[in-house]
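Residue numbers (the UniProt record's numbering): 1 to 113.
Don't be surprised by glycine CBs; every beta carbon is placed ideally from N, CA and C.
Bear in mind that the values here come from a model prediction, so they are computed numbers and not experimental data.
This is the structure:
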């Protein structure tokens, strides 16, 4: 399985603004998912389904909780839409909305080609 990024520069900016250890933990979690696959990732609670073809990568270090939302493009290709620091129990609706909009734009763009 392989992750790509909807907007790498935005994701990199998020990582740069995060504490170094939190950013490293999120990157390590993404690499663990890529290396071990979704079945193990689900068992390890590294991923969680949010909606139809919308999932979150779950990374936690101490009290800092990072999330990255992604969707399946096709087969073993996945696209990370956005990342954020989680401050409440529930995933913020605005973050899910951003991910849904980017997923729609991605598939609409693909259909037009």
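- Message: Let me check understanding here. Comparing Cα to Cα, which of 109, 104, 90, 4 lies closest to residue 48?
- Response: Start at 1 with the first residue of the chain shown, and residue 48 comes out as number 48. Out of 109, 104, 90, 4, 90 has the C-alpha closest to the C-alpha of residue 48.
- For the beta strand (DSSP E) that residue 4 lies in, which residues bound it at each end? Here residue 4 refers to the residue found at position 4 when the chain shown is read from its first residue. Its beta strand (DSSP E) spans residues 2-5.
- Message: Going by DSSP, what residue range makes up the beta strand (DSSP E) through residue 83?
- Response: As a first step, residue 83 must be located in the chain shown, where it is residue number 83. Per DSSP, the continuous beta strand (DSSP E) segment holding residue 83 begins and ends at 77-86.
- Message: Out of 95, 82, 70, 1, which one is the CA nearest neighbour of residue 39?
- Response: To locate residue 39, count along the chain shown from 1; it is residue 39. Selected option, being the one with the closest Cα: 1.
- Message: On the criterion of 16 or more Cβ atoms from any shown chain inside 10 Å, does residue 69 qualify as buried, or is it exposed?
- Response: Stepping through the chain shown from its first residue, residue 69 is reached at position 69. Label assigned to residue 69: buried.
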